[in-house]
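To keep things clear, I will list the structure first and then write my remarks on it.
Residue numbers (the numbering used here): 437 to 771.
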């Protein structure tokens, strides 16, 4: 029996090792130029209407996700960070960090419908398909605003005990959000608006991007100290720690291919394969471009999109490099 067990174990290790050496085949397909200047943060896809929304300065640029052609611009979104797509309501929401508001717009014609006052410096946000609510994470007020898209009213404000970054839903009523300054993930109930758990990230500093595999209940969080940490969403148990590149601010998970992609501002994408619920490997480090630190996934084509620009050569390491005017673009990767 021992010999058989050893042989099976060796076979599994061989298979995993071979898988780790395989390339993903993911490479740069296109670079979509956007004619405007300014900084950027999140981007997101409206699968129903085939549009890609990109936060850029004080506006949101909208591209056709399949062709890269410009569809339109949503103006006056001061300090925009994130864009939420709430297709059941035909609405989108931008989080305007400088204004402390969300701009509500029509997904068909991009016309502004309303403005919703939320917390201080609204940043990451998403639409929860379980509760049918828009959840906005406010960086400076350290809380979450819960918006009812049927009325565009804030139903509740949940204190989180730290600066929130990206959040996700398990599709069953639990919401998870990275807390950057305390190095943990907070879990709260979307029905009661009560905090249920706080998962301390062992070995992880300043978590930003967060995604979930709902099938295996695994959370993937990317941290400033160049690691991706995988946790059991139900218990907070540490499952794995994997090396990623420097400057990651976003991560996506493809439920079909079981691949997680970390967007690293240094100019790489770390591709992590979920072999099983308890086995994860870095399958490839894909070359991207410096500054491409946020990311979104097209679940239909399995392409990933990252925004960036060209930077001037920096002679002072203590200062941020300056962007070259007119070079803002969205990189599209796929097979």
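Just so it is clear, CB atoms sit at the ideal spot from N, CA and C, and this is done for glycine as well.
Buried versus exposed, by CB contacts within 10 Å (16 or more), residue 657: buried
Touch test, the segment 722-737 against the segment 699-706, Cβ-Cβ under 8 Å, three pairs minimum: yes
Where residue 628 falls, given that 16 or more other Cβ within 10 Å makes a residue buried: exposed
Contact belief for residue 580 with residue 613 at Cβ below 8 Å, rounded distance in angstroms: 7 Å
Cutoff 7 Å; reference residue 484; Cβ partners in own chain excluding five residues on either side: 523
Status (buried if at least 16 other CB within 10 Å, exposed otherwise) for residue 451: In this prediction, residue 451 scores a pLDDT of 43, lower than 50, which makes its location untrustworthy; no coordinate-derived value is stated.
N- and C-terminal bounds of the beta strand (DSSP E) containing residue 462: Neither: residue 462 is in no beta strand (DSSP E) and is coded neither H nor E.
Identity of the residue in 557, 743, 681 and 663 nearest residue 599 by Cα: 557
Member of 767, 569 and 520 whose CA lies at the smallest distance from the CA of residue 496: 520
Option nearest residue 578 by Cα separation, candidates 601, 585 and 562: 601
Same chain, Cβ closer than 7 Å to residue 676, five either side skipped, listed in chain order: 666 and 716
8 Å Cβ cutoff met for residue 603 and residue 646: yes
Buried/exposed call for residue 632, threshold 16 Cβ in 10 Å: exposed
Assigned secondary structure, residue 585 (DSSP; H/G/I helix, E/B strand, else coil): coil
Per DSSP, the bridge partner or partners of residue 539: 530 and 551
Spatial neighbours of residue 464 in its chain, beta-carbon cut-off 7 Å, leaving aside the 5 residues before and after: 767 and 769
Under 8 Å between C-beta atoms of residue 609 and residue 650: no
When 747, 743 and 594 are compared against residue 470, the one with the closest alpha-carbon: 743
Presumed contact (8 Å Cβ cut-off) between residue 531 and residue 517, rounded CB distance: 5 Å
Distance, residue 640 Cα to residue 509 Cα: 37 Å
Reduced DSSP secondary structure (H/G/I, E/B, other) of residue 523: helix
Backbone CA spacing between residue 575 and residue 620 [nearest angstrom]: 15 Å
Endpoints, beta strand (DSSP E) assigned at residue 487: 487-492
DSSP state of residue 756 mapped onto helix, strand, coil: coil
Cβ-based neighbour list, residue 749, same chain, cut-off 8 Å, excluding 5 preceding and 5 following: 757
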